[in-house]
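Each remark here refers to the structure printed beneath this line.
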Amino acid sequence: MLATLRAIAESVSQQACLDSALACFVNMVKNAMQTECCSIYFADYSQDNFVLMATEGLNPVAVGKFRIGFTEGLVGLVAQREEPINIAYAKSHPRFKASPEVNEESYNAFLSVPVVHQKKVLGVIVVQQKVARVFSQDEESFLITLSAQLASQLAHAEIKEVLRQDESSHQTSVLKGVSSAPGIAIGRAFVVIPKLDFKSIELKKDSNQALQQRLFSQAVSATRHEFNTLSMTLSDSIPKEALAVFDVYQQLLDAKSLGQNVEAQLQQGWCAKSALKIVIEKLIAQFNAMQDPYIKERAVDVKDIGLRVLHHLVNTEHAVKRYPKDSVLIANTLTPAMLAEVPKGHLVGVVSVNGSANSHASILTRAMGIPAIWGIEDVPLLQFDGKKMILDAYSGRLYISPSQILQDEYRQLKYQETLLNDKFVAEQDCESVTLDGQQISLLLNAGLDLNTESTNTAMCDGVGLYRTEAWFMQKGQFPSQIEQEKWYRQVLESYYPEPVVMRTLDIGGDKVLDYFDITEENPFLGWRGIRVTLDHPELFLDQLKAMIKANIGLGNLKIMLPMISGTEEVDESLALLAQAYFELEEQYPDKVIERPPVGVMLEVPSSVFMLPEWSKKVDFCSVGSNDLTQYLLAVDRSNARVADLFNPYHPGVLRVLQKVAEECHQHDLPLSLCGELGGDPEGAILLIAMGYRQLSMNHFSISKVKWVLRRLKMSDMEVLLAECLAQSTAKQVLRLTRSFMIEHKLGKLFYTPNHG
Ligand code: PEP
Ligand code: MG
Numbered sequence: 001m002l003a004t005l006r007a008i009a010e011s012v013s014q015q016a017c018l019d020s021a022l023a024c025f026v027n028m029v030k031n032a033m034q035t036e037c038c039s040i041y042f043a044d045y046s047q048d049n050f051v052l053m054a055t056e057g058l059n060p061v062a063v064g065k066f067r068i069g070f071t072e073g074l075v076g077l078v079a080q081r082e083e084p085i086n087i088a089y090a091k092s093h094p095r096f097k098a099s100p101e102v103n104e105e106s107y108n109a110f111l112s113v114p115v116v117h118q119k120k121v122l123g124v125i126v127v128q129q130k131v132a133r134v135f136s137q138d139e140e141s142f143l144i145t146l147s148a149q150l151a152s153q154l155a156h157a158e159i160k161e162v163l164r165q166d167e168s169s170h171q172t173s174v175l176k177g178v179s180s181a182p183g184i185a186i187g188r189a190f191v192v193i194p195k196l197d198f199k200s201i202e203l204k205k206d207s208n209q210a211l212q213q214r215l216f217s218q219a220v221s222a223t224r225h226e227f228n229t230l231s232m233t234l235s236d237s238i239p240k241e242a243l244a245v246f247d248v249y250q251q252l253l254d255a256k257s258l259g260q261n262v263e264a265q266l267q268q269g270w271c272a273k274s275a276l277k278i279v280i281e282k283l284i285a286q287f288n289a290m291q292d293p294y295i296k297e298r299a300v301d302v303k304d305i306g307l308r309v310l311h312h313l314v315n316t317e318h319a320v321k322r323y324p325k326d327s328v329l330i331a332n333t334l335t336p337a338m339l340a341e342v343p344k345g346h347l348v349g350v351v352s353v354n355g356s357a358n359s360h361a362s363i364l365t366r367a368m369g370i371p372a373i374w375g376i377e378d379v380p381l382l383q384f385d386g387k388k389m390i391l392d393a394y395s396g397r398l399y400i401s402p403s404q405i406l407q408d409e410y411r412q413l414k415y416q417e418t419l420l421n422d423k424f425v426a427e428q429d430c431e432s433v434t435l436d437g438q439q440i441s442l443l444l445n446a447g448l449d450l451n452t453e454s455t456n457t458a459m460c461d462g463v464g465l466y467r468t469e470a471w472f473m474q475k476g477q478f479p480s481q482i483e484q485e486k487w488y489r490q491v492l493e494s495y496y497p498e499p500v501v502m503r504t505l506d507i508g509g510d511k512v513l514d515y516f517d518i519t520e521e522n523p524f525l526g527w528r529g530i531r532v533t534l535d536h537p538e539l540f541l542d543q544l545k546a547m548i549k550a551n552i553g554l555g556n557l558k559i560m561l562p563m564i565s566g567t568e569e570v571d572e573s574l575a576l577l578a579q580a581y582f583e584l585e586e587q588y589p590d591k592v593i594e595r596p597p598v599g600v601m602l603e604v605p606s607s608v609f610m611l612p613e614w615s616k617k618v619d620f621c622s623v624g625s626n627d628l629t630q631y632l633l634a635v636d637r638s639n640a641r642v643a644d645l646f647n648p649y650h651p652g653v654l655r656v657l658q659k660v661a662e663e664c665h666q667h668d669l670p671l672s673l674c675g676e677l678g679g680d681p682e683g684a685i686l687l688i689a690m691g692y693r694q695l696s697m698n699h700f701s702i703s704k705v706k707w708v709l710r711r712l713k714m715s716d717m718e719v720l721l722a723e724c725l726a727q728s729t730a731k732q733v734l735r736l737t738r739s740f741m742i743e744h745k746l747g748k749l750f751y752t753p754n755h756g
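The sequence shown lines up with residues 1 to 756 when you count with the working numbering.
In structure tokens:
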């Protein structure tokens, strides 16, 4: 059963267009289930009906023409109920609707399942048979599994088709994602080459056959050269017999085998990449179908060779590529390193298929003020390369090849955005105080973007979170104590005399060091933050000593410990800090060494209940609302699939944040918050109403939040908070905060362009 399911999924994915994918699908399902009829309907939301897209067994002439309303017939019922229907006599069902144009009179047995992708019904699969019978449980679960397995594949096929049609008719296509850094970008796509596989290659024709032939032979030569070099390098270390594998590879590359087949495809007008894809996928399927396990294994070799040739093909195209001046960077999974590679001033927007608005790369885009969206549909990215794009990171939309009218409209919106931003900047150095005189300390989150970070101390009251790990991530190895000391000194000096809260190394989760492998199945629940540094006291002591030494003569350092979940971690950390301090005192008897204040981050839910004890041990605490939300709601902060569930406005999260404020007040423990929630104006006002008097955020948020709170009264914010805390969903909370902002004439902050 599993093999059949796989075979169907594989064959469908190899089809060049949606029509042939669906035709292949219904054919294979009909055969696999040994029935007489299989059909697939697609939902057309613009007309509220289903259209017959492919069939084996109904009238083929009806394909593309026959439509049935969303609430009509058995097809409509399956979609409405979102569950299978399995009946022996379809015609006797009260919802059966006779449709003579499809010629289904002879069928009795009817099994149908909906195709659902991300809560949306995409279509309905129907299997029919003349003999009146109820399909077995096995048959029903086979079709359900198939539908679930193929739902995303069909969704992507549908999107690809829309993109293809738009391309040929020069229309604008739009893809949807989740916005993380608001704003508008108008520019050209620069696709960071994704990890190559044949799935990501779109089948395309090219009229310049000679060029495609040349590209292919160049790629083959480069692959040959690569094998020669590899075989020479390995000749001393592996036995001669093993080296023979390279001869086999060279033979496969020969004009007579791979070459000949690719040549045939090129002559049919396919471009070099498509021709290679067609040949390699066919060969893999042939090898996979063999009984002999040795021959079956050869499929791996064929794929390896194919990918190497493909790599050279793509690289020749990319070798001459430059980042456009207005690059919209598009990647499968965006990393901080990809952002760093774009020449200064060339980056206007960012799009990532994987990851979400709460991942660290996303926090970095916000700190850089670059509009970004995450979690767009997983379509072959390379087809976007070089295309004109509009990225609307207010609504999470990406427009590909936008029309001139749309571009003009967005240029106008961008202009309005700049005007509003100028207003924020005009007040950014003013006092941070509410209309009724409550001072709020706004601090900077720093350390992420080492090149463009603001050190403007007039706009903030110091640094509330310095993420030291970002610098470690850019290094090729752990920096020495001396190197670290120099770096920290520079940071402390640039904000002096304002305080700088330096967080000790917080790696793990989605923050990886190339030179320190932490590969785990469940990294956010694994070896992260303080757990790593306590297991490596040599690293921890080095960092603590470097910080303390850097602080000599300045005195504006505070140290903060990440991911604390238990008292033992607090105690062990404090013991190591004391050790670092005493050793330095001994080492430098003639210097005045200060013992910096120490705080803990409240990121793990258990920490919220430990404040009575911890308040006696540490000097301050800071809520890491990104991780606290992740752990309270059990939602991986960087998983695009559950991004909708990551919501710090969830009343459960808000009530915990309120409890933290009360506890800290009761135990006289200074409190701040340095997660992204504090940099969101709506989040900031709720937190201020809860009693938070220190919020740390990126510098774009400082000017925006300051502008907002200077226009509001504490008493009004407190009324809003009481209402929000009484709600039972995040949606209700956000509705209230949004109306509050509009009521107080701050609605322009949320201007969302309305384009379908
Ligand atoms: C947080 O978790 O809220 C936080 C500030 O730390 P980071 O985002 O670096 O994990
Ligand atoms: Mg954190």
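From the three backbone atoms N, C-alpha and C, an ideal C-beta is built for every residue, glycine too.
Burial state of residue i (16 or more Cβ within 10 Å)
i, result
"proline 94", "exposed"
"histidine 117", "buried"
"cysteine 17", "exposed"
"tryptophan 527", "exposed"
"histidine 665", "exposed"
"valine 433", "exposed"
"aspartate 680", "buried"
"phenylalanine 646", "buried"
"valine 300", "exposed"
"phenylalanine 135", "buried"
"methionine 290", "exposed"
"glycine 555", "exposed"
"leucine 419", "exposed"
One or two residues paired with residue i in a DSSP bridge
i, result
"glutamine 439", "Val433"
"phenylalanine 42", "Val51 and Gly123"
"leucine 465", "Asn445"
"glutamate 718", "Paired residues: none, contrary to the question."
"alanine 602", "In the sequence as displayed, the identity of residue 602 is leucine instead of alanine. Paired residue(s): Val623."
"glutamate 56", "Cys38"
"proline 114", "Val124"
"valine 351", "Ile330 and Ile373"
"aspartate 392", "Ile184 and Arg397"
Per-residue DSSP class, three states only, for residue i
i, result
"valine 592", "coil"
"phenylalanine 620", "strand"
"tryptophan 614", "helix"
"cysteine 460", "coil"
"tyrosine 399", "strand"
"glycine 756", "Low confidence applies here, because glycine 756 scores a pLDDT of 41, under 50, leaving its location unreliable and the question unanswered by this model."
"lysine 176", "strand"
"cysteine 37", "strand"
"glutamate 101", "helix"
"methionine 563", "coil"
"methionine 473", "helix"
"glutamate 485", "helix"
"arginine 655", "helix"
Best match in the options for proximity to residue i [C-alpha to C-alpha]
i, options, result
"alanine 661", "Pro293, Arg133 and Phe609", "Phe609"
"alanine 181", "Gly683, Val300, Lys120 and Gly369", "Gly369"
"glutamate 759", "Glu538, Arg531, Glu586 and Pro596", "This structure leaves residue 759 out entirely; the chain is present only between 1 and 756."
"lysine 303", "Val314, Tyr294, Pro293 and Ile284", "Ile284"
"leucine 443", "Ala54, Ser703 and Ser112", "Ser703"
"leucine 760", "Arg322, Ile278, Ala575 and Leu175", "The chain is shown from 1 up to 756; residue 760 falls before or after that span and cannot be answered."
"phenylalanine 142", "Met33, Ala189, Ala546 and Gly396", "Met33"
"proline 371", "Pro589, Lys240 and Ile184", "Ile184"
"methionine 459", "Ala730, Ile440, Phe42 and Gly553", "Ile440"
"arginine 641", "Ile376, Tyr692 and Val191", "Ile376"
"glutamate 263", "Gln209, Lys659, Gln286 and Glu663", "Gln209"
Cutoff 8 angstroms: residue i Cβ touching any chain D Cβ
i, result
"methionine 338", "Of the protein chains in this structure there is only one, and it is not chain D."
CB-CB length for residue i against residue j, believed under 8 angstroms
i, j, result
"aspartate 506", "serine 638", "With a Cβ gap of about 15 angstroms, aspartate 506 and serine 638 do not count as contacting."
"serine 231", "phenylalanine 246", "4 angstroms"
"isoleucine 763", "asparagine 49", "Examination of residue 763 is not possible in this model, given that the chain is present from 1 through 756 alone."
"isoleucine 278", "glutamine 265", "5 angstroms"
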